[in-house]
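Our numbering numbers the first residue of the sequence shown as 12 and each following residue consecutively.
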Amino acid sequence: MTSVASAGAALPLLSGEVAAAQPTCRNATTTLPADAWPTIGHDAGRTYYNPGTSGPQTGVSERWTTSIPTREFPTIAEGRAYIGGASLRALDVDDGSQTWARSPPNCRYTTPAIGPEEIYSAVTNQNDGEQNVTIQAFDASDGTRHWETDPLVEGESVGVSPPVLVDGTIFGLVRAGQQRSFYAISLDSREVEWRHTVEQPVDEFAVTDGTLVYAVEDGVRAISITDDTVQWAVNSPPVQGLAAASETVVVVSGDSVTALAIGDGTERWRSELGPSGEPGFEGTNSFGQPAIADGSVIIGTAASLFPRVIQEGGATLYKRDLATGDRQETRAAVLRPTVPDDFDFYNETPFVSYGWGRPAVSSDTIFIPQFGSIDGGSISSYQSGLVAIDRETFQVQWTSTEVPSVPVIVAEDRLFATSTRSSESSLTMLEEPATNDT
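Following this line, the structure appears as C-alpha cells:
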C-alpha cells in the first residue's frame, strides 16, 4: 500500500427511514451483558469477536427459523434479537416469537445498535417522493420511541449505514444523491457534532482507538472521531474486508491482507497468496473476511481451480499474530466432496472449489462456514456446512453439514445465521444439541 497526502470517500452499506420524539435520560452506570452482540460485527471495530460467550461445544441443532425483511445480521442482547427492514422488530431468542414491532408506513430501519438502555436505528422516511434520514432511539424492552434527530439528509434518493455507538457518540454514513458524509451525533445533545464529506463509495468502515477508518475504491482513509481531522490515507487495491483492534487495521484486498498502524497508516506487515495450481491448471486464490481476537487475525481463503486443489488441501484457514503477521496456526479444508477412488482428475479436468467464509469468534471457539465442490466430467459433488475450531489448538471440535454454509454470529451461547433463498431471507437460531440424559 502507498501513502498519499489527503483523504476522501463514500459507501454502499446503505438503507432508508423516519419519525417524532420525546427525550429520556441515560444511566451512565448501566452496561450491556458481556454475552451480547450489540452492533454489526459485534463492535465498532468489526472484529466479529465476542469474548463474553462460548457457544455450542459439541455440535448444533436448529431451534427455530423465521422470515426476516433484511439480509443483515440482527443485534442481540438480554434475550432479544433486533431486526431492521420495513419494520423494526424484537424477537425472543428462545423461540423466535415477536416481542414487539414498529411498522409505520413508508419507513425503513437499519439494524439497530444496542446501548445500555436504548437501541438506535438510522431510519429512512419517504413522503411524496422525498426521503430523509434521522437517527431514532427506542426503548429496548417495548419499542417505545424516545427521541429522533433532525434529518441528516434529504432528497429523492438517500441511503444510510447501520449506526455504531462508541462512548456516547453515534457514528455512521449517509448519502443524498451522490453526496456522502460520515457523521458523529452525541447521545447527550442529540446534535450532529461533525460531518466529514467523502467523494467515493465507501466499501467498509470501522471505529477504534479514537479513529474512524474506511475503505474506498482506491485506498484506505482515517479521520479522528473527535473532530473529523484527516489523519492519514494510503492507496491500495479494491478492499473486500476490514477489521480494526489494538491500534491496528487489517485490510483485505483479493490475494493480499495488510495490517496498518491506526496512528499513521504505516504498514506493519503484509501477506500475499501465491498462484494456485500449476501451468495449465491455474485458478483463483483469495482471502475472505477477517476476524480479530486477542491479538490474532483469523482469516480463511477461497480457491477455485483445476485438479491440483483436491490434492493440496484446497482453501486454508489462518491464525496470524496481529502485531507481526507471523503464522500461528493453519487448518486445511475440513468438509470435502465425495470422490470415487478411481476418478481420473487429470483426464476429466473438473472444476474444483474450496472456501472458508467469515469467522465469528467466541471466548474459546471459532465458528466458520466452509464449502467444497467438484464439478465436471462425470462428477458433480458438493459438501458444505459449519465448522467449529478450538481457538488455541486449532483442532476441529465439530462439523455440521445440516446447516447452510453461511456466516454466523455468536451471542448468549448460541449461534445466529441469516440466509437468503429465492429472494427470501430468514434468521435461524442454532444451539447445543439436546442430550438424552435421564
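From the three backbone atoms N, C-alpha and C, an ideal C-beta is built for every residue, glycine too.
Here DSSP, grouped into helix, strand and coil, assigns TYR60 to strand. For GLN190, same chain residues with a beta-carbon under 8 Å away, outside a window of 5 residues either side, are VAL164, THR208 in chain order.
Between the alpha carbons of GLN147 and THR446 lies a distance of about 43 Å. Looking at the DSSP output, ILE79 bridges to SER436. Cβ contact annotation for SER72 (same chain, cutoff 6 Å, sequence separation greater than five): PRO444, in chain order. With a contact defined as Cβ atoms closer than 8 Å, SER307 and LEU333 qualify at about 6 Å.
Counting along the chain, GLU359 sits inside the alpha helix (DSSP H) bounded by residues 356-359.
Taking C-alpha positions only, GLN68 is separated from TRP409 by approximately 8 Å. Sorting GLY221, VAL227, SER65 by C-alpha distance to the C-alpha of ILE234 places GLY221 at the top.
The three-state secondary structure of ASN117, taken from DSSP, is coil.
The C-alpha of PHE382 lies about 15 Å from the C-alpha of VAL350. Inter-segment contact for the region 169-184 and the region 127-143 is present: three or more beta-carbon pairs are separated by less than 8 Å. Annotation: the continuous beta strand (DSSP E) that includes GLN142 extends over 141-150. It is roughly 31 Å from the alpha-carbon of PRO418 to the alpha-carbon of PHE356. Taking the CA atoms as reference points, SER373 sits about 30 Å from ALA195. Here GLU73 carries a strand assignment [DSSP, helix/strand/coil].
Secondary structure at ASP386: strand, using DSSP grouped into helix, strand and coil. For SER247, the three-state secondary structure derived from DSSP is coil. A residue is called buried when at least 16 other Cβ atoms come within 10 angstroms of its Cβ; ASN358 does not meet this threshold and is exposed.
Distance from the Cα of GLY311 is smallest, within the candidate group GLN109, ASP386, THR341, for THR341. Sequence-distant partners of VAL203 (beyond 5 residues in either direction) whose C-beta falls short of 6 Å from its own C-beta, in its chain, are TYR194, ILE196. Between LEU102 and ALA92, the C-beta spacing is below 8 Å.
VAL350 is bridged by DSSP to nothing; it lacks a bridge partner. By the C-beta density criterion, ASP105 is exposed, having fewer than 16 other C-beta atoms within 10 angstroms.
C-alpha of GLN211 to C-alpha of ARG186: approximately 11 Å in a straight line. Distance from the CA atom of PRO44 to the CA atom of GLU89, rounded to whole angstroms, is 7 Å. For the 8 Å CB-CB criterion, THR122 and ILE87 do not form a contact. GLY56 places its beta carbon 8 Å or farther from that of ALA314.
Here ARG425 really is in contact with GLU442; their C-beta atoms are around 5 Å apart, less than 8 Å.
In this structure, the straight-line span from the alpha carbon of PHE216 to that of VAL227 is close to 9 Å. Secondary structure of ILE236 (DSSP, three-state): coil. Classified as exposed, GLY179 has fewer than 16 neighbouring CB atoms from the shown chains inside 10 Å of its CB. Taking a C-beta distance under 8 Å as the contact criterion, GLU258 and GLY276 do not qualify as a contact pair. Pairing ALA47 with SER152, the inter-Cα distance amounts to about 15 Å. Around the beta carbon of ALA304, a 10 Å sphere encloses 16 or more other beta carbons of the protein chains shown; the residue is thus reported as buried.
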